[in-house]
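Participant: Let me give you the structure first, and then I'll get to my questions.
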Amino acid sequence: MNTNHYSLLTNNSRALIGETVLFKQSGTDKSIKPNADMIFFVMMLLIIIFNFVVTPAAHAASLLFRSNFGAGVSLTSPTGYYTNGAWQYLTGTDRETGYSWPFKSLGANLSGIQLITSDPIDSSTIGNYITNQIRQVTGPKGNLVNELFQNVKIKGDLGQAGSQAPLLINRPWTIGDVNDLYITYWFKFPADFPSKLTREVPGAGWRDMFAFKTGGYLNDWRGDYRVSVVILKG
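This is the structure in structure tokens:
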């Protein structure tokens, strides 16, 4: 797999970060990926996805999806347990935007939070490792908004990504490429986030904020390209 990382270097990261990304020749998965020992807030998720028709004179686009985690959107209980994880899904129609979860645009066949744990878990222990909830908070512009609050509680050894809770959107590789993709969202780390990063232990000075990839991890149709946006402590 070819991997490109776009890093935001930080010695004293701001707690609130807004991210806007324009992608060309995107891949199969879109994931928002909080890693171990991290509290992660996704505010006013605006998965604004456009199909672009490019001509010499103009760029035409159509909005495919938008959600603020508004009234009508809820989280299911974790389900689909396997040895080291489970799945949790967003469901319902966002009454603020009119769009419904699960995400189905562009031929997507799955959207949800994959709960990945460092140890074997079941329904009685998953809450000790990862919890997710939708709650109301003050947003980046001072108004009340809903956020997806994710708390990854138990990690692996320092520098190892033992537990994580990526919000994934998946579409089959067989239905062709998405040539241009635009996504914008707000998210927030806690105020003490910079202190949770260290360069003293290899692999412990970064957090992966966003990634898209084609397929999985193999150098064939199941995984050949990935682009990530990463916070890296300098």
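Under the working numbering, think of the first position of the sequence shown as 19, with each following residue one higher.
Cβ coordinates follow ideal geometry from the N, Cα and C atoms, glycine included.
Computed from a predicted model, the values in this text were never measured in an experiment.
If you count every other CB in all the chains shown that lies within 10 Å of the CB of Ser-213, and 16 or more means buried, which is it?
Facilitator: For the purposes of this step, residue 213 is taken as residue 195 along the sequence shown, with counting starting at 1. Flag for Ser-213 reads exposed.
Participant: Output needed for Glu-114: all residues of its chain with C-beta closer than 6 Å, excluding positions within five of it in sequence on either side, in chain order.
Facilitator: The sequence position of residue 114 within the sequence shown is 96, counting from 1. So the qualifying residues of the chain are Asn-86, Gly-88.
Participant: Return the residue from the list Gln-106, Val-91, Gly-125 that minimises the CA-CA distance to Gly-194.
Facilitator: Along the sequence shown, one-based indexing puts residue 194 at 176. Comparing Cα positions, the closest option is Gly-125.
Participant: For Ser-181 versus Val-170, is the C-beta distance shorter than 8 Å?
Facilitator: By 1-based counting over the sequence shown, the position of residue 181 is 163. By 1-based counting over the sequence shown, the position of residue 170 is 152. Closer than 8 Å, so yes.
Participant: DSSP three-state label for Leu-124, please.
Facilitator: Here residue 124 refers to the residue found at position 106 of the sequence shown. It is helical.
Participant: Can you tell me whether Thr-232 is buried or exposed, with buried defined as 16 or more other CB within 10 angstroms of its CB?
Facilitator: Numbered from its first residue, the sequence shown carries residue 232 at position 214. Buried, by the Cβ-count rule.
Participant: Have a look at Ala-104, Val-155, Leu-108 and flag the residue whose alpha-carbon is nearest the alpha-carbon of Thr-143.
Facilitator: Locating residue 143 in the sequence shown gives position 125, counting from the first residue. Nearest C-alpha to Thr-143: Ala-104.
Participant: Name the two residues that bound the continuous beta strand (DSSP E) containing Ile-148.
Facilitator: Locating residue 148 in the sequence shown gives position 130, where the first residue counts as 1. Ile-148 -> beta strand (DSSP E) spans 148-156.
Participant: Mapping the DSSP letters down to three states, classify Phe-230 as helix, strand or coil.
Facilitator: Taking the first residue of the sequence shown as 1, we reach residue 230 at position 212. Phe-230 falls in the strand class under three-state DSSP.
Participant: Cα separation between Gln-106 and Tyr-203?
Facilitator: As a first step, residue 106 is located in the sequence shown; it is residue number 88 there, counting from the start. As a first step, residue 203 is located in the sequence shown; it is residue number 185 there, counting from the start. Going from the Cα of Gln-106 to the Cα of Tyr-203 covers about 20 Å.
Participant: Please report the distance separating the alpha-carbon of Phe-121 from that of Ile-187.
Facilitator: Counting from one through the sequence shown, the residue named residue 121 turns up at place 103. Counting from one through the sequence shown, the residue named residue 187 turns up at place 169. Spanning the two alpha carbons is a distance of roughly 7 Å.
Participant: Which two residues bound the contiguous beta strand (DSSP E) that contains Leu-186?
Facilitator: Stepping through the sequence shown from its first residue, residue 186 is reached at position 168. From DSSP, the beta strand (DSSP E) with Leu-186 extends over 185-188.
Participant: Relative to the C-alpha of Phe-228, which residue among Pro-208, Gly-252, Tyr-200 is closest?
Facilitator: Translated into the one-based positions of the sequence shown, residue 228 becomes position 210. That would be Tyr-200, whose Cα lies nearest to the Cα of Phe-228.
Participant: Let me know the secondary structure DSSP gives Ser-246 once reduced to three states.
Facilitator: Mapped onto the sequence shown, residue 246 falls at position 228. In the structure shown, Ser-246 sits in a strand (DSSP, three-state: E or B).
Participant: For Tyr-107, which residues does DSSP report across the bridge?
Facilitator: Working through the sequence shown from its first residue, we reach residue 107 at position 89. Per DSSP, none; premise fails for Tyr-107.
Participant: Considering only residues of the same chain and omitting the five flanking positions on each side of Arg-217, which have a CB-CB separation below 7 Å?
Facilitator: Here residue 217 refers to the residue found at position 199 of the sequence shown. Cβ neighbours of Arg-217 beyond the five flanking positions: Gly-223, Lys-251.
Participant: Just the Cα atoms here: how many angstroms apart are Asn-127 and Ser-136?
Facilitator: As a first step, residue 127 must be located in the sequence shown, where it is residue number 109. As a first step, residue 136 must be located in the sequence shown, where it is residue number 118. In a straight line, the C-alpha of Asn-127 is about 27 Å away from that of Ser-136.
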